[in-house]
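Numbering (the working numbering), first residue to last: 1 to 707.
Scroll down for the structure; my scribbles are underneath it.
Below is the structure:
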């Protein structure tokens, strides 16, 4: 507690401290120096005593300085007070003489005033009456000269002066019609004012008159009691026609910023001036609420019509070529220019439309780039370009739209999400209708889009502030894209099936199987061609699948390397799922039953998956079924039947490790050979070792030729 507080509490009796405690308080009036010293010497250390001494010395010096300062201040104030007293004493003596002089002057003024009043009193009333008569005569003279004055204004085109004069005297003339002279003057002036009013209306609707002058003429018409609503309607229609004509015969530049500059000079400046003057000079003239709403409605019609007329001339298509920085600058400039002449709703709607169209154009540009890649490339080049360039273009587009978001165009996020969703829908349709030759690569691309690109892009989109349900949109697009991948794969398989069918059936149909006489030693050429095609197809599919670095249906499978190898008899005879290639059915057993052993039906339409065995199996099984149908429609000689055996053996040996449904594949091969045997008179089948020997011999010859 400070010393001042203690003193105040002591003065007001708020403290009742303990006497013993006060004796140790150096600021207390009951301070006991001897007791304080004894207590310090007994309880405190030497360092504490020295510190206490230094503190007391500092306090004493501070109090001395404060005391000296206080004395000096009091002395200075005392001297100042003495000077003030002397000054007041001198001024009071002077003030007394001045007051006496002022009193004498006021007495003289009162005396002269009384004398003047007494002298002028007899003529006061007469002067006032004469002044009134003089004013009345001046007014009569003014009214008598009014027709001539109005004619002069009409001749000199001083319409505003004429209206101002007429509005002042028209009421007087109307109320004094019982005087013939006033009546005649009123009639003459009315005719003149009709001409002036007609001239004013003509000037208001003159295309060479400025906006400010047009509004001024409009206010004059209102002063002449023309209904404000009619004047405003005529003026608004006229000003819009002037703007419309100015825009009709001018060429607007294609460059967006130059276009805004040109439109500002042609129309926006005049429209802004008209709207401002309309609000300042015409709207305040109407006091009736109903009529005021009509007057404001006329202005609103002008703003809507003018804005629509100007906005139609803006080079919309060129805007879509601008980057996001420039489009943001353009929109800000557009909003700044249009704020004085358009409603916030109009501007917002236009910006909304421009941004929506801009977003659509940008996404369609990315889609166009992808179409060019798909139409101009093939194979791995197509895959890498489509998955990298397309993804990068989409990422760049999202980054660019961050600029628009920072410029307070927050709706751009929802526009971009919607348009990118639409873009993917178009990509899906494009993939499904693409060239069947590229369907496999397109399927791989769609698979990558589904599992990688779409989630990545929507993760990037999630950083934008939007109201769109991103998770549900992403899930739908990913599922749709995966479905498209399967459809493209199905198109590829269907096209390849037809191609392989033509290869093998064309060769089969070229042989008269009932008249084959020569003992066969190798497959028919069509079968060899079919095997080569499928070999190449295997490599193509394997290469395409490796691009995605995943196999969806059998994730543990690895691409199978292919080389023409000898079938090992040990593996052949050890598996009961292998065909016998014998052809002669056992009594009471039809080999077709094997087709239904595992799947209960001839299931050739298994769902496709992104696995080389599934894809090849779907193609090979279909071709085998076509071959089976061909065999069932023909009759074979014994040598023809043996040829079918060799064909089946070679096909099975080439593809047994390349199909996923091996039991079905074995059953089909067996049924083809058995069906040929059923249609052969006295068939003599080749034994499996003979078939194996023919295969080994062909394989050796092939290796020799290749080396």
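Beta carbons: idealized from backbone N, C-alpha and C, even for Gly.
Quick caveat, the model's predicted, so the values are computed rather than measured.
{"Check": "Other residues of its chain near residue 49: CB distance less than 8 Å, five sequence neighbours each side excluded", "Outcome": "40, 41"}
{"Check": "Which of helix, strand or coil DSSP assigns to residue 367", "Outcome": "helix"}
{"Check": "Continuous alpha helix (DSSP H) assignments of at least 4 residues falling wholly in the region 253 to 278", "Outcome": "256 to 263, 269 to 277"}
{"Check": "Three-state class that DSSP yields for residue 577 in the structure shown", "Outcome": "coil"}
{"Check": "C-beta contact flag for residue 231 and residue 270 at 8 Å", "Outcome": "no"}
{"Check": "Best match in 214, 179, 278, 181 for proximity to residue 160 [C-alpha to C-alpha]", "Outcome": "214"}
{"Check": "Limits of the alpha helix (DSSP H) - the one that residue 486 falls within", "Outcome": "470 to 509"}
{"Check": "Three CB pairs or more closer than 8 Å across the region 275 to 287 and the region 251 to 259", "Outcome": "no"}
{"Check": "Boundaries of the alpha helix (DSSP H) in which residue 177 is found, first to last residue", "Outcome": "Unbroken run through residue 177: none, as it is neither H nor E."}
{"Check": "Ordered list of alpha helix (DSSP H) runs contained in the region 316 to 396, each at least 4 residues", "Outcome": "316 to 319, 324 to 338, 344 to 376"}
{"Check": "Limits of the unbroken alpha helix (DSSP H) element including residue 72", "Outcome": "46 to 120"}
{"Check": "Anticipated Cβ contact below 8 Å, residue 638 with residue 683, distance rounded", "Outcome": "6 Å"}
{"Check": "Collapsed DSSP secondary structure at residue 680 in the structure displayed", "Outcome": "strand"}
{"Check": "Residue 241 versus 205, 221, 217, 259, residue with shortest Cα-Cα distance", "Outcome": "205"}
{"Check": "Touch test, the region 650 to 659 against the region 524 to 543, Cβ-Cβ under 8 Å, three pairs minimum", "Outcome": "yes"}
{"Check": "Among 577, 442, 259, 644, nearest to residue 677 - alpha-carbon criterion", "Outcome": "644"}
{"Check": "Of the listed residues 365, 308, 347, nearest to residue 320 (C-alpha basis)", "Outcome": "365"}
{"Check": "Between the CA atoms of residue 274 and residue 313 - distance to the nearest angstrom", "Outcome": "21 Å"}
{"Check": "Sequence-distant residues of its chain with Cβ nearer than 8 Å to residue 83 (five each side left out)", "Outcome": "none"}
{"Check": "Close beta carbons around residue 335, own chain, < 8 Å, minus the five adjacent residues each side", "Outcome": "347, 351"}
{"Check": "Rounded C-alpha distance that separates residue 395 from residue 266", "Outcome": "41 Å"}
{"Check": "Stretch-stretch touch, CB-based, cutoff 8 Å, three pairs: the region 516 to 528 with the region 487 to 495", "Outcome": "no"}
{"Check": "Extent of the continuous alpha helix (DSSP H) to which residue 633 belongs", "Outcome": "Unbroken run through residue 633: none, as it is neither H nor E."}
{"Check": "Buried versus exposed call for residue 152 [16 or more other C-beta atoms within 10 Å across all chains shown]", "Outcome": "exposed"}
{"Check": "Nearest residue (CA-CA) to residue 480, options 441, 428, 620, 646", "Outcome": "428"}
{"Check": "For residue 31, the three-state DSSP class (helix, strand or coil)", "Outcome": "coil"}
{"Check": "Residue 522, DSSP secondary structure in three states", "Outcome": "coil"}
{"Check": "Proximal residues to residue 196 (C-beta, below 6 Å), its chain only, five neighbours per side dropped", "Outcome": "154, 159, 162"}
{"Check": "Check whether residue 432 and residue 484 have beta carbons under 8 Å apart", "Outcome": "yes"}
{"Check": "Beta-carbon spacing of residue 441, residue 383 below 8 Å", "Outcome": "yes"}
{"Check": "Rounded distance between the beta-carbons of residue 679 and residue 635, thought under 8 Å", "Outcome": "5 Å"}
{"Check": "For residue 706, the first and last residue of its enclosing alpha helix (DSSP H)", "Outcome": "688 to 706"}
{"Check": "Distance CB(residue 424)-CB(residue 412) smaller than 8 Å", "Outcome": "no"}
{"Check": "Contact under 8 Å by Cβ, residue 461 with residue 398", "Outcome": "yes"}
{"Check": "Three-state secondary structure (DSSP) of residue 560", "Outcome": "Unreliable placement is indicated for residue 560, whose pLDDT of 36 sits below 50; no coordinate value is reported for it."}
{"Check": "Per-residue DSSP class, three states only, for residue 294", "Outcome": "helix"}
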